[in-house]
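In my numbering, the protein residues as written are 981 to 1096. Glycine included, each C-beta is placed from N, C-alpha and C at the ideal position. All values derive from a computational prediction rather than experimental measurement. Each remark here refers to the structure printed beneath this line.
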Amino acid sequence: MTIATDTPRTLAEFTNLIDTEDYLNFFGISYDPTFVNVNRLHILKQFSLLIAQVDKAFPDLSESEKLEKYKLAFSEAYEVFKTSSPLETKLFKVFKDVPSNVVLLDDLTKEAGIIQ
């Protein structure tokens, strides 16, 4: 699904966006609604990290240049989860922390020599 963006967009409009679909429509990015439903929080988290990098690396961009960089960042955030899982990207604390009282199946199979 996609929506054409023939009219110029503004940072004021950008700051009012809420949902993943809002960003996709704002930037005119085609998307799979089922994929978005499964990955929405991860996409938004990755996007927030990427726009922080854009803002730090390019502090003097014009509004249109900044929005173009943000569009590229959102596209990248969306594409990341087509090739990797949320567990692999470890964006959220729950994926980073390993409980001390849990033995992972992967660890058991590696120790048994089943998986290399």
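Are the Cβ atoms of residue i and residue j separated by less than 8 Å?
i	j	result
residue 1030	residue 1057	yes
residue 1046	residue 1004	no
residue 1018	residue 1001	no
Can you list, in chain order, the residues of its chain whose CB lies under 8 Å from that of residue i, leaving out five sequence neighbours each side?
i	result
residue 1055	1007 and 1009
residue 1062	1015
For residue i, which residues from the same chain have a beta carbon less than 7 Å from its beta carbon, with the 5 sequence-adjacent residues on both sides left out?
i	result
residue 1049	1034, 1038 and 1041
residue 1064	none
residue 983	Because residue 983 sits at a pLDDT of 48, beneath the cut-off of 50, its placement in the model cannot be relied upon, and the following sentence gives the value as read from the coordinates. These residues qualify, in order along the chain: 1005 and 1008.
residue 1024	1000
residue 1053	1027, 1030, 1031 and 1034
When you compare only the Cα positions, how much space is there between residue i and residue j?
i	j	result
residue 1087	residue 1059	29 Å
residue 997	residue 1085	41 Å
residue 993	residue 1083	47 Å
residue 1027	residue 1089	35 Å
residue 989	residue 1013	23 Å
residue 1091	residue 1011	41 Å
residue 1036	residue 995	18 Å
Can you name, in chain order, every residue of its own chain whose Cβ lies under 6 Å from the Cβ of residue i, other than the five neighbours on each side?
i	result
residue 1154	Since the first residue shown for the chain is 981 and the last is 1096, residue 1154 is missing from the structure and cannot be characterised.
residue 1051	1007
Which parts of the region 1005 to 1037 are runs of the alpha helix (DSSP H), unbroken and 4 residues or longer, counting only runs that do not cross its ends?
-> 1013 to 1037
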